[in-house]
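Number of protein chains: 2
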Amino acid sequence: MGSTQVPLGEYIFRRLYSLGIRHIFGVPGDFNLNLLDHIDSVDGLSWIGTRNELNGAYAADGYARCRGLPGVLVTTYGVGELSAINGIGGAFTEYVPLIHIVGMTPRYAQEARLMIHHCPGEGLSHKLYTTVSEPLSAATAILDDDASFTQKVDYVIESCFKTKLPVYLYIPIDTPDIMVDASRLQISLDISIANPGKEGLEDEIVQKIIASLNAAQKPAFLIDLLTRRFGLAPDVQEILRLTGLPGFVTPLGKSIVDETSENFGGLYVGAITPDTNVKDAVESSDLVIYVGRFPTDSNTAGWSQKLATSGTLIVLHPKYVSLGDKTWEAVSFVPIVKKLLEQLRKGSITKKDTYIKPNKISVPQFSEKLHGPLRQKSFWDCFAPFLRDGDCVIAEVGTSQYATFELQLPGKADYHTQLFYSCIGFSVGLALGALVARKEMGLTGRVVLFVGDGSLQLTVQEISTMIHLGFKPLIFIINNSGYTVERVIHGPSRKYNDIDPWNFQYLLPFFGGTPENSNFHSVGTYEQLLPLLKDKDFASTNRIQVVECLLDRYDSPQLMTTLVDLGAAGKAKVLEKLDKEAGRTRVKLDGTLTESGLSTE
Amino acid sequence: MGSTQVPLGEYIFRRLYSLGIRHIFGVPGDFNLNLLDHIDSVDGLSWIGTRNELNGAYAADGYARCRGLPGVLVTTYGVGELSAINGIGGAFTEYVPLIHIVGMTPRYAQEARLMIHHCPGEGLSHKLYTTVSEPLSAATAILDDDASFTQKVDYVIESCFKTKLPVYLYIPIDTPDIMVDASRLQISLDISIANPGKEGLEDEIVQKIIASLNAAQKPAFLIDLLTRRFGLAPDVQEILRLTGLPGFVTPLGKSIVDETSENFGGLYVGAITPDTNVKDAVESSDLVIYVGRFPTDSNTAGWSQKLATSGTLIVLHPKYVSLGDKTWEAVSFVPIVKKLLEQLRKGSITKKDTYIKPNKISVPQFSEKLHGPLRQKSFWDCFAPFLRDGDCVIAEVGTSQYATFELQLPGKADYHTQLFYSCIGFSVGLALGALVARKEMGLTGRVVLFVGDGSLQLTVQEISTMIHLGFKPLIFIINNSGYTVERVIHGPSRKYNDIDPWNFQYLLPFFGGTPENSNFHSVGTYEQLLPLLKDKDFASTNRIQVVECLLDRYDSPQLMTTLVDLGAAGKAKVLEKLDKEAGRTRVKLDGTLTESGLSTE
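Protein chains in written order, with the UniProt record's numbering: chain W, 1 to 601; chain C, 1 to 601.
Right, dumping it as structure tokens:
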């Protein structure tokens with residue numbers, strides 16, 4: 001009369017499935033093969049093998065960004081987990097929940113410190129690699145004790161949901177087939193985010209926010225990355241609708257507010273905000289409610305935001321809430337935003353005529369005036385009329401991301417880029433993860449990837465996975481013969497900023513594309529690009545399409561070059577402040593620094 | 001009258017140049033660009049940009065393996081260094097000296113904990129990533145203090161030479177242009193390996209070895225990996241020549257002893273030694289001098305070596321020396337081998353008629369009997385007659401490496417594989433590093449790479465670098481439609497062991513190959529393969545050549561399948577020993593373990 005049992009491996013995958021996860025990414029290795037077998041035991045859960053582990057981590061990260069659930073990555077001991085760790089670093093820095101499951105040497109071999117392949121060396125602990133990953137992980141569990149198997153599994157999954165950070169689960173190869181109590185699967189995990197014992201404080205803060213809103217003449221919301229990461233995008237959109245207040249976005253907040261909605265205020269990037277009306281509106285607001293603040297160099301144009309300088313600034317953040325001069329530490333914004341919405345639904349504030357009215361967005365049209373070679377200045381304007389409701393735009397680090405911050409998105413669009421960690425090559429794996437996530441979610445909009453030729457070289461093989469899984473993204477390769485973003489920063493004519501030229505016409509055929517499922521185009525002029533974008537067959541995504549766009553090696557988007565200049569100015573300010581605090585006198589500024597707020601390698 | 005000064009960046013690169021290093025590998029990033037400028041200041045030192053950082057680490061590792069000098073890798077902060085870390089792991093586990101130079105955020109930004117792109121997160125120390133790399137590094141220095149710049153640089157370089165392990169040099173971006181005292185460059189670094197204060201003990205050990213040699217009837221040398229890593233290959237070859245004794249090699253010792261020399265005993269892999277005569281010779285020897293021992297699972301066929309069971313075993317190792325029951329800890333074998341050679345040059349031993357006489361090696365010939373589809377059993381025999389004196393063979397993890405352990409090498413050949421760390425995909429970067437190192441060394445033999453289709457998917461883009469640098473390796477792709485080594489281990493028909501099929505005919509054109517500088521062949525039968533190998537134009541390496549070899553997905557080399565079986569047997573033994581020690585009774589063996597000594601993911 002024992003309770004029902006399942007193998008440990010199956011327990012793990014059943015848990016993940018029960019939370020909504022339908023795909024697992026990774027690369028097989030001899031220390032995880034018998035774990036992978038258990039994926040097949042869970043109906044509706046599928047394995048996606050990626051070309052290498054780093055791309056697998058990027059894909060799991062992309063899945064998490066789009067899906068709002070943890071991405072799951074399985075790698076093998078040592079060689080696999082360490083290949084993936086840069087992807088974990090990106091997730092750690094940008095609050096992306098990832099569950100990294102690592103197949104490990106068997107426990108008896110760990111005990112005997114056997115010098116098995118993949119191990120760190122003669123006489124060394126097999127757990128050495130866990131010390132490598134720990135600084136980038138919110139929780140790590142090694143399943144080395146039968147008595148705590150399921151508790152540990154549940155613990156790391158819960159930690160992942162609560163922190164929105166990567167977690168590690170190390171599974172010795174002798175454990176996935178061990179039977180564990182299945183009844184525990186009936187108990188739901190605690191994946192909610194709360195401020196235990198601080199419910200009264202939450203109410204108090206919500207009342208203060210409402211009072212501030214009622215007192216202000218020109219309140220505004222500024223929406224940033226962590227709003228999306230903590231699943232609050234729908235709540236914030238609803239708050240905007242109920243209040244009639246404008247929602248401005250930072251670069252990393254792009255697409256959290258629907259750009260076709262009446263409440264969309266525009267893109268605010270501090271001193272380099274492209275639209276002066278938007279800049280004036282944000283900076284003249286007497287109450288700014290800054291939701292999900294993520295104050296990185298590039299996201300704030302070198303910390304040049306000017307918010308509520310003569311009014312009240314409210315910051316809602318996963319780790320603190322502040323209102324004017326008052327800060328409450330260790331208070332998560334999640335329950336606060338939820339309670340605020342609840343109060344607003346009860347009609348707690350009264351709209352005023354003084355509210356900021358965002359600019360009306362016009363319907364974008366293809367320009368008929370563009371001729372000759374493609375130029376950064378006007379190239380990107382061709383895509384606003386091309387995009388459709390529900391499309392997902394993915395922008396690689398560097399040129400593509402700076403240019404697309406200004407790209408006007410259609411309704412219900414999704415937009416993703418990695419501006420803080422800024423790892424070149426990431427967008428290709430991100431696109432794969434997005435395709436998988438969107439398929440799970442039943443979203444039919446297209447995935448449009450913009451990636452530079454320099455970045456693409458790092459991770460190109462993952463396009464193969466897209467082809468073979470039958471995905472049909474549109475991939476625009478911005479071919480400017482090397483690392484143009486770096487040319488802007490330093491050494492414009494140095495050889496190290498050049499790359500090997502590739503013949504992109506062979507990309508799809510090499511990776512298994514056929515004329516039936518894939519197509520390639522190369523365009524160097526507007527006369528070539530515009531007819532393609534207007535072509536219905538091209539736009540229909542009945543095939544995977546790669547479009548090589550030839551641009552000049554020294555041509556770059558305005559926002560990017562401005563940011564580099566601003567970085568130099570910002571640096572002087574920081575130095576001055578530090579010197580003042582330390583009572584130092586600085587003799588000279590060193591010449592070639594480039595901590596410009598520019599987000600690229 | 002101040003002393004001459006040079007910028008810190010130039011100091012570093014002058015140091016590296018003075019030690020013989022001529023090429024630096026890596027990927028540019030905005031935190032290392034102004035460091036890279038200083039490479040150009042050193043005549044004769046060149047930058048090799050790789051397609052991504054992991055491949056760069058593999059290439060630097062391959063360079064070090066072939067060159068006998070540290071490989072140098074430059075990456076950027078966070079995104080770059082972490083992408084490379086799996087390559088550092090491989091170097092750490094297999095005693096490969098690497099100097100990993102990481103461009104870092106400027107010191108003022110570290111002090112202020114600015115949330116600059118690539119950084120770990122809000123309020124976190126910029127030095128977080130150094131804690132990630134430290135477990136895999138023999139020495140780490142952050143150049144954050146002007147007073148110790150050059151001392152720290154010299155310290156990590158010396159550590160690298162002495163330990164043959166990876167070291168890290170973190171260079172904040174505000175430091176490469178700071179002027180430092182150049183006169184220090186006149187002082188040579190201490191890169192020698194000694195046993196300070198133990199010179200008398202060294203002499204005593206050498207005398208004991210010589211006495212053992214004089215007492216033995218059938219002495220033999222067994223040469224292993226660390227002999228090569230610590231630069232002792234020429235010394236050991238000379239010892240064999242002087243003594244007339246046979247030198248047997250482990251798999252990882254392959255090519256340390258010239259296989260055409262009279263002293264070459266053959267390949268010894270414990271219980272699965274392919275040639276029974278070799279096995280008997282080694283195991284019947286009454287004195288085995290085991291030089292550079294590296295006792296990993298695969299290198300010893302699951303620790304099944306039987307050495308001097310009724311005689312004397314001498315082990316010479318970087319960290320200890322043992323003779324029979326006596327072990328001296330913390331004694332490096334380097335001075336001992338050097339002194340032993342010195343003594344032997346003085347004629348300290350007398351050769352005996354009882355010495356083992358190795359089998360005569362016959363000159364390999366192309367078989368005329370092979371017909372029909374390629375089979376693992378005879379496929380590899382086609383390459384011994386194809387190889388030429390001075391060729392360098394590189395074998396990828398899995399099928400290629402197990403098969404080529406048995407491949408008879410020509411004279412002065414070089415052979416490299418990664419059997420312990422066993423990271424799939426490594427061989428492509430290794431081949432690039434080998435090409436660069438061999439060019440520096442003026443070696444004219446060909447580089448012949450054997451790589452499986454599964455492994456190639458991880459790192460394929462590095463072939464582009466070979467093309468664009470004008471290298472002309474011969475690349476044989478063992479296409480068996482997936483991870484066959486894993487199929488042998490577990491889940492032969494599971495989907496996770498399949499990969500996306502690629503059309504290899506487009507590989508070279510995609511990466512920029514032209515008919516003038518590249519060529520592709522696909523062979524599925526001996527009727528196709530043999531004429532190609534006999535073709536003089538093909539063999540001349542006037543172009544980079546890729547040959548796709550079609551083999552069955554379930555066909556694998558005998559040595560590999562035997563090792564898997566042996567792994568299961570070895571496991572039972574280890575369990576029994578551990579249980580005995582712990583006084584435990586084991587109820588059952590779990591079924592599907594695969595810690596088989598098999599070296600693959």
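Ideal Cβ placement from N, Cα and C applies to all residues, glycine included.
query = Would E440(C) count as contacting chain W if we go by Cβ distances under 8 Å?
reply = Not one chain W Cβ lies under 8 Å of E440(C).
query = Is DSSP giving E259(C) helix, strand or coil here?
reply = Correct three-state label for E259(C): coil.
query = Would you report the Cα separation of P364(C) and D61(W), rounded to the nearest angstrom?
reply = Note on geometry: alpha-carbon atoms of P364(C) and D61(W) lie some 52 Å from one another.
task = Find the residues of chain W that neighbour H23(C), judging by a C-beta separation of less than 8 Å, and give them in chain order.
result = Within chain W, no residue comes near H23(C); the closest Cβ sits about 13 Å away, beyond 8 Å.
message = Between P473(W) and chain C, is the shortest Cβ-Cβ distance under 8 Å, so that the two count as touching?
response = Taking 8 Å as the threshold, the shortest C-beta distance from P473(W) to chain C does not fall below it.
message = 8 Å is my cut-off, CB to CB: does M560(W) come that close to chain C?
response = It does not; no Cβ of chain C falls within 8 Å.
task = With DSSP collapsed to three states, give me the class of R14(C).
result = Three-state result, R14(C): helix.
message = Using the three-state DSSP reduction, which class does Q545(C) fall into: helix, strand or coil?
response = For Q545(C), the three-state secondary structure derived from DSSP is strand.
ask   = Roughly how many angstroms lie between the CA atoms of A393(C) and Q545(C), to the nearest whole one?
value = The sequence as given places Val at residue 393(C); Ala does not occur at that position. Using only the alpha carbons, I get a separation of about 15 Å.
ask   = In whole angstroms, what separates the C-alpha of G583(W) from that of T50(C)?
value = Our two residues, G583(W) and T50(C), have alpha carbons roughly 44 Å apart in a direct line.
inquiry  = Here's the rule: buried if 16 or more other CB atoms are within 10 angstroms of the residue's CB, otherwise exposed. What is D145(C)?
reply    = Around the CB of D145(C), fewer than 16 other CB atoms lie within 10 Å, so the residue is classed as exposed.
inquiry  = Does the structure place the segment 229 to 248 of chain C close enough to the segment 375 to 383 of chain C that three or more beta carbon pairs sit under 8 Å?
reply    = With the cut-off at 8 Å, the segment 375 to 383 of chain C and the segment 229 to 248 of chain C do not touch.
Short Cβ contact (8 Å threshold) for L33(W) with G491(C) = Contact: yes.
query = Quick one: Cα of T592(W) to Cα of I48(C), how far?
reply = With a pLDDT of 31 at T592(W), under the threshold of 50, the modelled position of this residue cannot be trusted, and the question is left open.
query = Taking Cβ positions only, does N517(W) come closer than 8 Å to chain C?
reply = N517(W) does not count as touching chain C.
task = Please list, in chain order, all residues of the same chain as R553(C) whose beta carbon is under 8 Å from its beta carbon, the five residues on each side excluded.
result = Non-local beta-carbon contacts of R553(C) in its own chain, meaning distances under 8 Å to residues more than five positions away in sequence, involve N480, S481, G482, T484, R487 in chain order.
key: Those residues which DSSP pairs with K326(C) across a bridge   = Paired residues: L323(C).
ask   = When burial is assigned at 16 or more other CB atoms within 10 Å of the CB, is P196(W) buried or exposed?
value = Within 10 angstroms of the beta-carbon of P196(W) lie fewer than 16 other beta-carbons, which makes it exposed.
query = At a Cβ threshold of 8 Å, is W502(C) touching chain W?
reply = Interface residue, yes.
ask   = Mind pulling the alpha helix (DSSP H) runs of 4 or more residues that sit fully within the segment 411 to 497 of chain W?
value = You should have 426 to 441, 453 to 459, 462 to 468, 484 to 489.
key: Integer-rounded CB distance, given that G445(C) should sit under 8 Å from G390(C)   = The Cβ separation is near 3 Å, so the contact holds.
query = Apart from the five residues just before and just after W328(W), which ones in its own chain have a Cβ nearer than 8 Å to its Cβ?
reply = Closer than 8 Å at the Cβ level, and outside the excluded window around W328(W), lie L201, I205, Y320, V321, S322.
inquiry  = Using a 10 Å radius around the Cβ and a threshold of 16 neighbouring Cβ atoms, would you call Q217(C) buried or exposed?
reply    = With fewer than 16 Cβ atoms within 10 Å of its Cβ, Q217(C) is classed as exposed.
message = I'd like to know whether the C-beta of G512(W) is nearer than 8 Å to at least one C-beta of chain C.
response = Closer than 8 Å: yes.
query = In the segment 39 to 72 of chain C, which residues sit with their C-beta less than 7 Å from some C-beta in chain W, listed in chain order?
reply = Cβ contacts with chain W come from W47, G49, R51, N52, L54.
ask   = Anyone know if the C-beta pair for T150(W) and D181(W) falls short of 8 Å?
value = Cβ distance < 8 Å, so T150(W) and D181(W) count as in contact.
key: Distance, L252(C) Cα to T417(C) Cα   = Spanning the two alpha carbons is a distance of roughly 8 Å.
request  = Within the same chain, show all residues whose beta-carbon is closer than 6 Å to that of S46(W), passing over the 5 residues directly before and after it, in chain order.
outcome  = So the qualifying residues of the chain are H23.
query = How many angstroms separate the CA atom of I142(W) from the CA atom of L19(W)?
reply = For I142(W) and L19(W), the distance between alpha carbons rounds to 22 Å.
CB contact below 8 Å: T10(W) versus chain C = This sequence places Glu at residue 10(W); Thr is not what is there. The Cβ of E10(W) sits no closer than 8 Å to any Cβ of chain C.
task = Please confirm if G491(C) has its CB atom under 8 Å from at least one CB of chain W.
result = G491(C) counts as touching chain W.
inquiry  = At the level of alpha carbons, what is the spacing between G324(W) and E122(C)?
reply    = Cα to Cα, G324(W) sits roughly 20 Å from E122(C).
inquiry  = So, for F520(W): in the same chain, excluding its five sequence neighbours on each side, which residues have a beta-carbon less than 6 Å away from its beta-carbon?
reply    = Hits under 6 Å: Q505, L508, V546.
message = Using CA atoms only, rank isn't needed, just tell me which of K571(C), E581(C), D30(C) is closest to residue 604(C).
response = Because chain C here runs from 1 to 601, residue 604(C) falls outside it and cannot be looked at.
Outcome for G103(W) when other beta-carbon atoms lying within 10 angstroms are tallied against a minimum of 16 = Burial call: buried.
task = Using the Cα positions of F264(C) and L551(C), report the straight-line distance between them to the nearest angstrom.
result = Spanning the alpha carbons of F264(C) and L551(C) requires a straight line of approximately 32 Å.
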